[in-house]
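So for the sequence shown, the working numbering puts the first residue at 34; every next one is plus one.
Positions of the beta carbon are idealized from the N, C-alpha and C atoms, including for glycine.
Keep in mind that this is a model prediction, so the values were computed, not measured.
Have a look at the structure below before the remarks.
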Amino acid sequence: QGLNGSLAITQTDAGIDSRLVWREGKIYRLDFGAGVLAFRSQAGSLRLLQATRIPLLDGALRIDQLRGQDILGAAASWRFSGRLEPISMPALCAALAWPELAGQLGGVIPGAIYQRDELNVTGTLQVDAFDGTIRIDDLRLASLFSASPEVFATMHIERLDLETLTRTFDFGKIEGKLNGWVRGLHLQNWQPVAFDARFFSPDDDDSRQRISQRAVESISSLGGGNATAALSRGFLGLFEEFRYKRLGIGCRLERGICQMVGIGPAAGTNGGYYLVEGSSLPRINVIAYNRLVDWQDLLARLQAAAQSEGPVVR
């Protein structure tokens, strides 16, 4: 809104200046504030004359360099470098209609290239969330101006605080740290359609490791079976929390189906795998059996964090 100015492009060697000014705007669901872009065009190219800062949600995008080549040609391309000043994850999640996450998203963008409706970002974006870090690499956005944009990326997760994480999602209380990675992430219209992900306890985690009865039930609900409810009313109901040695879960999503893995095979269970391996007494293990789970069903279980046909808890 409030767009003023012009964008002049010349094919001659004599430079010509122009600028664009606006009050506010929106890209997809992301609101941005007032900004000014001052350009110089020469020989079919266009470059930003001075760095600029554009408010974005509750953070900002700083553009240090912006240059367009062959602007009027079929192979027009743009090169960009700058910085994403921290945006709060609650604001971003609300804008994209995602489940709310705590923390901030920000980072340096050493370089990005936009050509033929595709944006490739070099460098690493970092999310500071849940007292840990999430690094985003190999970020690529395709079909940006279509009805169904696509996103591709790799993510590395380091030492998230599980107590903060589980409190955010009302999942039941878990104490400890969490590492992980997401490879081959593919979002279509901002929803995941493919990835290979693992989340697990770090080998060097020396923090307090505890899991509540409710969290046991929530994790149990991710697999399938009805033994969880009966045990919860009996043995599990006698204790508020348990010690654990390690925990973890993985999903390889393809064609709407998750191929599930845990932290290792559970001996003597005929194909079961640990989601939680207990430690000391009272000892409790969460063992899953289903290897193939419908993605939408898994999302529903995560959201509900309720008892369903799930793994055996013993």
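Counting along the chain, where does the alpha helix (DSSP H) carrying residue i start and finish?
i: S251; result: Q246 to S253
i: T197; result: L195 to T201
i: R324; result: Here R324 belongs to no alpha helix (DSSP H), and DSSP marks it neither H nor E.
Check whether the Cβ atoms of residue i and residue j sit closer than 8 Å, and answer yes or no.
i: S78; j: R100; result: yes
i: Q246; j: G209; result: no
i: F185; j: R173; result: yes
i: E274; j: I296; result: no
i: A127; j: L63; result: no
i: S121; j: D161; result: no
i: T197; j: F163; result: yes
i: L280; j: L308; result: yes
i: S51; j: A67; result: no
CB-CB under 7 Å to residue i, same chain, minus the five flanking residues each way: which ones, in chain order?
i: P143; result: S114, T155 and G156
i: A339; result: With a pLDDT of 38 at A339, under the threshold of 50, the modelled position of that residue is not reliable, and no figure is offered here.
i: V54; result: N37, G38 and V69
i: T85; result: G68, V69, L70 and I96
i: G139; result: G92, L117, E118, P119, I120 and Q159
i: Q83; result: A71
Thinking just about the alpha-carbon of each residue, which of the options is nearest to the one in residue i?
i: L105; options: K278, V54 and T43; result: T43
i: S313; options: D103, S253, Y277 and E183; result: Y277
i: V141; options: N318, P225 and L94; result: L94
i: D203; options: I252, A180, T85 and N37; result: I252
i: Y322; options: A84, L129, G48 and N303; result: N303
i: D229; options: D239, R324, Q292 and L177; result: Q292
i: G58; options: L89, D50 and R216; result: L89
i: P182; options: D46, Q224, A67 and P235; result: Q224
i: G301; options: G311, I320 and N153; result: I320
i: S234; options: E151, G311, T85 and G305; result: G311
i: I146; options: A175, E287, A130 and T166; result: A175
i: D239; options: T85, L211, E250 and L158; result: L211
i: N153; options: D170, T166, Q159 and G139; result: D170
i: K206; options: V294, L158 and E250; result: E250
i: L220; options: D236, L286, Q83 and A135; result: L286
Excluding five sequence neighbours on each side, which residues of the same chain lie with their C-beta closer than 8 Å to the C-beta of residue i?
i: L81; result: L70, A71, F72, I96, Q98, L99 and R100
i: R148; result: According to the sequence provided, residue 148 is Gln. The question's Arg does not apply to it. The residues are A108, A109, S110 and W111.
i: D103; result: G77, S78, A109 and S110
i: G48; result: R73, S74 and Q75
i: A180; result: N222
i: Q336; result: P132
i: G165; result: I190, E191, R192, L193, D194, K210 and L211
i: T45; result: Q75 and A76
i: A248; result: T199, F204, G205, K206 and I207
Grab me the residues of residue i's own chain with a C-beta within less than 6 Å of its C-beta, minus the 5 sequence neighbours each way, in chain order.
i: G289; result: W328
i: R266; result: In this predicted model, R266 has a pLDDT of only 42, less than 50, meaning its place in the structure is not dependable; the value taken from the coordinates is given anyway. For R266, where only same-chain residues beyond five positions count, there are no Cβ hits under 6 Å.
i: G35; result: W55 and R56
i: E133; result: P123 and C126
i: H189; result: R168 and W214
i: Q137; result: P119, S121 and D161
i: L331; result: C291
i: P298; result: Y306
Need the endpoints of the beta strand (DSSP E) that residue i sits in, please.
i: K52; result: For the sequence presented, residue 52 should be read as Arg rather than Lys. Taken as a continuous stretch (DSSP letters only), the beta strand (DSSP E) holding R52 covers I49 to W55.
i: I87; result: T85 to L89
i: Y277; result: E274 to E287
i: I290; result: I290 to V294
i: R316; result: Careful: R316 lies outside any beta strand (DSSP E) and carries neither H nor E.
i: G38; result: N37 to S39
i: R73; result: G68 to Q75
i: N360; result: It is not possible to answer for residue 360, since the shown part of the chain is limited to 34 through 347.
i: L81; result: S78 to L81
i: I60; result: G58 to I60
i: D64; result: L63 to F65
Please find out if some non-hydrogen atom of the ligand ADP comes closer than 7 Å to the beta-carbon of residue i.
i: R231; result: This structure lacks the ligand ADP; in fact it carries no ligand of any kind.
Report the start-end ranges of each alpha helix (DSSP H) in the segment 94-143 that is 4 residues or longer and not cut off at the edges. 122-129
Where in the segment 162-249 do unbroken runs of the alpha helix (DSSP H), each at least 4 residues long, occur, reported from the N-terminal end onward? The qualifying runs are 195-201.
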